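Chains as they are written, first to last, in our numbering: chain R, 346 to 697; chain P, 346 to 697; chain H, 346 to 697; chain S, 346 to 697.
Note that beta-carbon positions come from the ideal geometry of N, C-alpha and C, so glycine has one too.
A quick note: this is a predicted structure, and the numbers were derived from the prediction, not measured.
Have a look at the structure below, then the notes.
Protein chains: 4
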Amino acid sequence: MAGNIFGDLFRVVTFGESHGPAMGCVIDGCPAGLELSVDDIRQELVRRRPGQSSENCAGANCAAASSARNEADEPEILSGLFEGKTLGTPIAILVRNSDCKESEYENLRDVFRPGHADAGWQAKFGIRDHRGGGRSSGRETLCRVAAGAVAKKFLAGYGIHISSWVSAIAGQDVCLSADKAQPDNADVDAMLKTIRAEGDSAGGMVSCLVRGVPKGLGEPVFDKLDARLAGAMLSVGAVKGIEFGAGFAAACMKGSENNDAGMTNNAGGVLGGISTGQDIEFKTAFKPVPSIAQPQKALNANGGIVDLTINGRHDICIAPRAVPVVEAMTALVLADLVLLQRSNRISVLSEL
Amino acid sequence: MAGNIFGDLFRVVTFGESHGPAMGCVIDGCPAGLELSVDDIRQELVRRRPGQSSENCAGANCAAASSARNEADEPEILSGLFEGKTLGTPIAILVRNSDCKESEYENLRDVFRPGHADAGWQAKFGIRDHRGGGRSSGRETLCRVAAGAVAKKFLAGYGIHISSWVSAIAGQDVCLSADKAQPDNADVDAMLKTIRAEGDSAGGMVSCLVRGVPKGLGEPVFDKLDARLAGAMLSVGAVKGIEFGAGFAAACMKGSENNDAGMTNNAGGVLGGISTGQDIEFKTAFKPVPSIAQPQKALNANGGIVDLTINGRHDICIAPRAVPVVEAMTALVLADLVLLQRSNRISVLSEL
Amino acid sequence: MAGNIFGDLFRVVTFGESHGPAMGCVIDGCPAGLELSVDDIRQELVRRRPGQSSENCAGANCAAASSARNEADEPEILSGLFEGKTLGTPIAILVRNSDCKESEYENLRDVFRPGHADAGWQAKFGIRDHRGGGRSSGRETLCRVAAGAVAKKFLAGYGIHISSWVSAIAGQDVCLSADKAQPDNADVDAMLKTIRAEGDSAGGMVSCLVRGVPKGLGEPVFDKLDARLAGAMLSVGAVKGIEFGAGFAAACMKGSENNDAGMTNNAGGVLGGISTGQDIEFKTAFKPVPSIAQPQKALNANGGIVDLTINGRHDICIAPRAVPVVEAMTALVLADLVLLQRSNRISVLSEL
Amino acid sequence: MAGNIFGDLFRVVTFGESHGPAMGCVIDGCPAGLELSVDDIRQELVRRRPGQSSENCAGANCAAASSARNEADEPEILSGLFEGKTLGTPIAILVRNSDCKESEYENLRDVFRPGHADAGWQAKFGIRDHRGGGRSSGRETLCRVAAGAVAKKFLAGYGIHISSWVSAIAGQDVCLSADKAQPDNADVDAMLKTIRAEGDSAGGMVSCLVRGVPKGLGEPVFDKLDARLAGAMLSVGAVKGIEFGAGFAAACMKGSENNDAGMTNNAGGVLGGISTGQDIEFKTAFKPVPSIAQPQKALNANGGIVDLTINGRHDICIAPRAVPVVEAMTALVLADLVLLQRSNRISVLSEL
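Put into structure tokens, the structure is as follows:
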């Protein structure tokens, strides 16, 4: 209820503050018998690390900070695994946070950064960890990616595969590699370079395509497949919108145009909240990173307005690093719906 | 888990098939002491009735069907109320379905209507009620509106007020009345008339504005305020997209533009998933009603393709009738988050 | 969260106050394809009706009240059923309450009956329906029996069968019929007659035996099979204790005696919270009905002590009527665990 | 759903296998602003350590094993704490397992210990960690005690205090110290010594008393206070029964005897599932430790019967070490119900 647990049957709890001792997650409900290794987790975590593009990083000693974080993102599996297979018991994954200079954040103790959750957290809890956003830091998504890596492994067994990519930055479409699995990084870097030079940041779009989803996934009424995905995507801090298939364009169409016939997939693979067997397609809109190099005006705890210059490293555009997060959340939603689907029909004892 | 229960503390279960004996809902968790009457429910149900606009209705004996439904939508409160106040026990609300000609739907027993959930339900459950879509019928939203009426009453006590309106039909903006509470119906009817004449249907947009939300609502990480609202909106069958504040436009902005300063509300009243104290603003995209007067090709249970003409009444555009549904789902989300918020801080015994 | 929803996958919500318009339940999660009829519900409801034993009834116009209630317990299935089979959608069951003389209860408006929940409800909600206990009335168990009837039908498909019986009244063991399915009613009536003559009431024991439970049911750690059953049984108002297998006697044993070898079932069919494949056996202790014919002292809303004589019919011993309730709750627990069990192992797509 | 998450609002997930890398828990829902330190956790963990009584330990190098475990039970708080207070974010607590000789357990890889969950786990998951019982080991209760320590701290703020003690061993009552907070350890050791000498083990009783519970805790119908406590207690592996207040004796009473008047507390502080404001009193029955020094017959994976001698240390009677576990589970139940209680009445905005 307190918002840190996701899913019903394939259930994940995440924990950790950006500058506390550690980040981690516990997966309760991953079926027994799944082959899993720490490498499965590690390879996904690498994809969301900062500093992968030299152009997507701003702020004081950016490189240093990145590399520090790189060291920190080493996962350890604490439970749920036995001789290379899942036990059907909770899978706990731990990632230690690297040491950080607390002093670097002291000026934010009583100041609420524009576009961040700082003021809301203070109002909600009456206390907050101001260091790097604490629990509201984007670093929390590390735990989702770790859990998502397990969900992806589980889904692969059913032939379900998820791929996401940056489809636009600051309103400009991104050229894609042939397999759609990766954007053209040179293209992305060029866009970021300009914005970085302005001491600014940029919004972006992340697209997602899911192949191999069987017909019939998604629970009717309140837990529709697209409802679950929308809830999952909007739970990622910077996301401000989502659309499935034709999405907002469908609102401008007539029925005769929108009803899928033949080759179109205006429905994005979901009708009435249930998978149609076609590819699932959706797009998510990410707002620009609110932390920018330019000096800004900010509210403080006393309701006053102060001048604020944000130190520490931050991204120019979050979209590139959000790609594995979008995939992870999609995987967690689908893994949960796959398990839920098992209970919708009369089975025989042998299938219990 | 089976998808018919919504919320955590202000919890609602809905039941009923379009052409079964009755529709209804049970609210578990509405606090004790709330003044409530059957009129509170009735006045919301009236807003979603079909046939309110003569232009928003197509199909055989449209008027007759509408009026029949009008009679049917009389709510009865079965429990949870005592001498005009809620008891803190489950509030059950029942609405009987009017009799319908089953024969009218016989041709759909083994045919899957294009753009509907028919095929998905068959794949999922191996059995379905083909009469008017059964459980997947838009009629299910009647139960949400009934439950939402109770949530609205609850929220009004905190000074939280929700208003939605049709902001566009088939891509054309709708003129609004001054208070934004209602679209210009003459304008709407004019748009619908053209589409109806073509034997077609249209998509539309519904906007929502929530005033009086205190700062601090929304649970961090997975149960963010906007995540909950997105999940709720996409759980409405025809919705294909949602955006908060600047939404998709934010993905095209730079940080210096998007960070709210002064009068803007690009965040739509939500930062990091927590309410900022500003108005909550979002837009939802509704696809065109898939049932159209024109003959269509459809799949049948044997995988064959058949000619299909859909009988029975259906709407030209669902947006006008979806307005109270959007408000109801918003109310259910906020009522739940209001109750959840109570448990976030240490309280004193007297506040238990 | 508000306590009126039971189960995780085979989920039930009950509603209704003793003297409100109706009682009922909604089952969300019963798999599709189960053959079900209103007779399946009716035959279980008949088993818990009052006035089945002329000796187990006290108070003014007892017979009249009973017969009135008999008329009232006619179930109606409002949803979830299509052509004799479950749809996989919510199954709503409604039972209307018969009219009652409100005046009969007026003297209880501000008086808290000894041994009842009256004072607790007033403290909890600040409002209560004083007529016949309102929501805290034993009549609420009618809804559990209705839902349990569906769960029993579901379990029968797996060869799982539940039987309960009164094993003792006021400390005296009850002779049983050969098949243990029924106590010797003549024996029971003889015991009740004496107590009734004293204007008193009596406690009793209800035993339960479940045959055909496959090995492996029950979720480790917090949702153990016996933990679920214990929670379910103690949720029945008058139950004050439960024991599995050797139960309290096991606390007096040595390991060499208690470890099952060969023919014993000291574990009661559960080890470490997981079914062993042996019969599940447990006993529940019911306290005496607190409403007695003798005049009593009672607290009133002002904290004063008043003389109280309870009018209206009440049972001498609740155990006989609790038998179908114990079976129903057992069925709801097992149905839920059967569905949960499906998600514990890697399956193949065809089993989704 | 997979059984490793406890509670609704004050929610705990535990993880870890007995001989895996670590044990731990994550608490999601502890309100912000609670003063907490690692010492609060440590002092509770010390109470459940093995080897506290030299007489309550059997098996090869008992002392060594104990001390090894002692080293291992050092808790680390990984998140949720900032400058000595809870943040309202997940509190993760980690305890590393000490190294163990795997070889010591190799003979149990394909053998199911009598009276243990081994066979059930194998049937359920098709895979298990045979080393020391893996996830089904009593060592899992360490995580409950750690989480319970936080719940106790939370409850202390409301003046709610829990105390448990060993009230009987192998059927003999234990003399208590004056304040009932501790059994007479000399008395306990004397009992254990005899049984140990026989190479056997013993069952026992643990009593619990909760002072300071306000009137009105417990959710009606399915989440009654005693239902929650019963479910919590039976979730402790060795518990076979529970009774509240007069308990099983009440089943032998008449209403006129059982209805509390004046000084008695036959209800054990709970009526209709809601706290009465009197002390909450219950007793739990623990079966004898199934692992005994005597050679036993056991089933193996092939269905054969083999001779088994259990190596490694094990307790003579689990009751003494179960005392802090009973307190911890009671604290977790009450903390959850305290938070749930906050949502039962209309409040004012300032109380959100």
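Identify the contact partners of residue i in chain R, using a Cβ-Cβ distance below 8 Å as the criterion.
{"i": "Leu-423/S", "result": "Phe-360, Gly-361, Gly-365, Pro-366, Ala-367, Gly-369, Leu-439"}
{"i": "Arg-690/H", "result": "Pro-376, Ala-377, Gly-378, Gly-433"}
{"i": "Ile-350/S", "result": "Ile-350, Arg-356, Val-358, Asp-373"}
{"i": "Pro-665/P", "result": "Simply none; closest approach about 13 Å."}
Which residues in the same chain as residue i place their Cβ atom closer than 6 Å to its Cβ, once the five residues preceding and following it in sequence are excluded?
{"i": "Gly-493/S", "result": "Ala-673, Ala-676, Leu-677"}
{"i": "Arg-666/R", "result": "Arg-393"}
{"i": "Ser-546/P", "result": "Pro-633, Val-634, Ile-637, Ile-661"}
{"i": "Gln-639/R", "result": "Gly-544"}
{"i": "Phe-355/P", "result": "Gly-374, Ala-680, Asp-681, Leu-684"}
{"i": "Asp-463/H", "result": "Phe-457"}
{"i": "Glu-362/R", "result": "Asp-474, Gly-479, Arg-480"}
Looking at residue j and residue i, is the spacing between their C-beta atoms short of 8 Å?
{"i": "Ala-513/R", "j": "Ala-630/P", "result": "no"}
{"i": "Gly-549/S", "j": "Asn-604/H", "result": "no"}
{"i": "Glu-696/R", "j": "Glu-696/H", "result": "yes"}
{"i": "Glu-389/H", "j": "Pro-669/H", "result": "yes"}
{"i": "Leu-682/S", "j": "Arg-573/S", "result": "yes"}
{"i": "Leu-679/P", "j": "Ile-436/P", "result": "no"}
{"i": "Gly-592/R", "j": "Lys-628/R", "result": "yes"}
{"i": "Ser-620/S", "j": "Leu-570/S", "result": "yes"}
{"i": "Asn-610/S", "j": "Asp-624/S", "result": "yes"}
{"i": "Ile-587/H", "j": "Leu-379/R", "result": "no"}
{"i": "Ser-509/R", "j": "Val-651/R", "result": "no"}
{"i": "Leu-487/S", "j": "Asp-418/S", "result": "yes"}
In chain H, what lies closer than 7 Å to residue i by C-beta?
{"i": "Arg-687/S", "result": "Chain H residues near Arg-687/S: none, gap ~11 Å exceeds 7 Å."}
Would you grab the beta carbon distance between residue i and residue j for me? Rounded to a whole angstrom, and I think it's under 8 Å.
{"i": "Glu-626/R", "j": "Gly-618/R", "result": "Their Cβ separation, rounded to whole angstroms, is 15 Å, which puts Glu-626/R and Gly-618/R out of contact at 8 Å."}
{"i": "Ala-468/P", "j": "Gly-561/R", "result": "4 Å"}
{"i": "Ser-424/P", "j": "Gly-582/H", "result": "About 18 Å; that fails the 8 Å criterion."}
{"i": "Arg-541/H", "j": "Ala-403/H", "result": "6 Å"}
{"i": "Gly-371/R", "j": "Val-358/S", "result": "The amino acid at residue 371/R is misidentified as Gly; the sequence shows Val. With a Cβ gap of about 5 Å, Val-371/R and Val-358/S count as contacting."}
{"i": "Val-440/H", "j": "Pro-420/H", "result": "5 Å"}
{"i": "Pro-376/S", "j": "Gly-429/S", "result": "Actually they do not touch by this definition, with Cβ atoms about 15 Å apart."}
{"i": "Arg-477/P", "j": "Tyr-450/P", "result": "In the sequence on display, residue 477/P carries Gly and not Arg. Indeed, because the Cβ distance is near 6 Å, the residues count as touching under 8 Å."}
At 7 Å on the CB atoms, spell out the chain S contacts of residue i, in chain order.
{"i": "Glu-485/H", "result": "Val-566"}
{"i": "Leu-579/H", "result": "Lys-569, Asp-571, Ala-572, Ala-575"}
Name the chain H residues that come within less than 9 Å of residue i, Cβ to Cβ?
{"i": "Glu-696/R", "result": "Arg-687, Ser-692, Glu-696"}
Going along chain R, which residues have a C-beta under 7 Å from residue i?
{"i": "Leu-354/H", "result": "Ser-688"}
Along chain P, in chain order, which residues have C-beta atoms closer than 7 Å to that of residue i?
{"i": "Asp-474/H", "result": "Phe-427, Leu-432"}
{"i": "Phe-470/H", "result": "Ala-377, Leu-432, Gly-433"}
{"i": "Ile-540/R", "result": "Lys-599"}
Can you pull the chain R residues whose beta carbon is under 9 Å from the beta carbon of residue i, in chain order?
{"i": "Trp-510/P", "result": "Per Cβ cutoff of 9 Å: no residues; Trp-510/P is ~14 Å from chain R at best."}
{"i": "Arg-480/S", "result": "Ser-424, Gly-425, Leu-432, Gly-433, Thr-434, Pro-435"}
**Study point:** Residues in the segment 598-618 of chain P having any Cβ partner in chain R nearer than 8 Å
**Key:** Met-598, Lys-599, Gly-600, Ser-601, Glu-602, Asn-603, Asn-604, Asp-605, Ala-606, Asn-611, Ala-612, Gly-613, Leu-616, Gly-617, Gly-618
Check your understanding: Going along the chain, which residues of the segment 489-506 of chain S sit with their C-beta nearer than 9 Å to a C-beta in chain P?
Key -> Phe-499, Gly-502, Tyr-503, Gly-504
Review point. In chain order, what residues of the segment 379-400 of chain S put their CB closer than 8 Å to some CB of chain P?
Key: Leu-379
Review point. When Cβ atoms are compared, which residues of the segment 542-575 of chain P fall closer than 9 Å to chain S?
Key: Pro-559, Gly-561, Leu-562, Pro-565, Val-566
Practice item. Check distances from the C-beta atoms of the segment 620-653 of chain H to those of chain S and list, in chain order, the residues that come in under 8 Å. Key: Ser-620, Thr-621, Gly-622, Ala-630, Phe-631, Lys-632, Pro-633, Val-634, Pro-635, Ser-636, Ile-637, Gln-639, Gln-641, Lys-642
Exercise for review: Output, in sequence order along the chain, the residues in the segment 672-683 of chain S whose CB is closer than 9 Å to any CB in chain P.
Suggested key: Val-683
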